[in-house]
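So for the sequence shown, the working numbering puts the first residue at 15; every next one is plus one. Positions of the beta carbon are idealized from the N, C-alpha and C atoms, including for glycine. From a predicted model like this one, the values you see are computed outputs, not experimental measurements.
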Amino acid sequence: MGPLCFLILINDTLTNTPHHWKYVDDCTVLPLASILVARWPGIAKSANLLGVTVDNQLTCKQHVTTTVRSAAYKLYMLRTLKSLCTLADKLKGEYLTFILPRIMYSSPAWSSSLTSTQQQQLEDVQKRTCRIILDPAYTNYDHALTTLSLPRLSIKHQEALVKLGRGLLRQFTPSPSPLP
Numbered sequence: 015m016g017p018l019c020f021l022i023l024i025n026d027t028l029t030n031t032p033h034h035w036k037y038v039d040d041c042t043v044l045p046l047a048s049i050l051v052a053r054w055p056g057i058a059k060s061a062n063l064l065g066v067t068v069d070n071q072l073t074c075k076q077h078v079t080t081t082v083r084s085a086a087y088k089l090y091m092l093r094t095l096k097s098l099c100t101l102a103d104k105l106k107g108e109y110l111t112f113i114l115p116r117i118m119y120s121s122p123a124w125s126s127s128l129t130s131t132q133q134q135q136l137e138d139v140q141k142r143t144c145r146i147i148l149d150p151a152y153t154n155y156d157h158a159l160t161t162l163s164l165p166r167l168s169i170k171h172q173e174a175l176v177k178l179g180r181g182l183l184r185q186f187t188p189s190p191s192p193l194p
């Protein structure tokens, strides 16, 4: 069924679309063109592409807001586990499994455009996590990061960008030809 739906969605790509590109995933069809960007404010205020929300100003403000809100709900789960006397290493594992991936999802696509306020909003999620896990031993954020062996999110975002860049370089660097 998937290939059939894909073909139906892109069927008109070859007709009468000289200045358009089409992006299609399993649930989104979005025409992209310079004309569209110029008219975007009249069309929609934001678009969600594979779980990343981009607004008509091409910022990730709404994406960060949604991500922080989603993480806040998951922090409730962490607090509940803490109230049941769950050990700190298990709570850290829950954070690494359920919360951090949501914060980091597709970060190479948007993290380089974060404002300092947006970066701080995301970092605050990790800071609240550290408080929950280490309470009452929490003294400050830097000490908590050291205790839990966690890097700042800005470092994680940078590492993700570097990893993507290296992967792209490997993919597009021609392999040496064998000597005759």
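Only residues of its own chain outside the window of five on either side were considered, and among them 66, 74, 77 have a CB closer than 7 Å to the CB of residue 124, listed in chain order. Nearest neighbour of residue 175 by Cα position, chosen from 132, 119, 102, 136, turns out to be 119.
Not a single unbroken stretch of the alpha helix (DSSP H) spanning 4 or more residues falls wholly within the stretch 123-147. When only Cα atoms are considered, residue 117 and residue 136 end up about 7 Å apart. For residue 63, the enclosing beta strand (DSSP E) stretches over residues 60-63.
Only exposed fits residue 59, as fewer than 16 other CB atoms lie within 10 angstroms of its CB. Rounded to whole angstroms, the gap between the alpha carbons of residue 109 and residue 94 is 13 Å. Beta-bridge partners assigned by DSSP to residue 69: 60. Going by beta carbons, residue 141 and residue 155 fall inside the 8 Å limit. Burial state of residue 121 is buried, judged by a 10 Å Cβ sphere holding 16 or more other Cβ atoms. About 29 Å separates the beta carbons of residue 148 and residue 129, which is beyond the 8 Å limit, so they are not a contact pair.
By the Cβ-count criterion, residue 79 is exposed, with fewer than 16 other Cβ atoms from all chains shown falling within 10 Å of its own Cβ. DSSP places residue 156 in the helix class (H, G or I) of the three-state scheme. Looking only at 89, 97, 166, the smallest Cα-Cα distance to residue 133 is reached by 166.
A Cβ-Cβ contact shorter than 8 Å links residue 89 with residue 146. Looking at 178, 83, 150, 64, the one whose alpha-carbon comes closest to that of residue 113 is 83.
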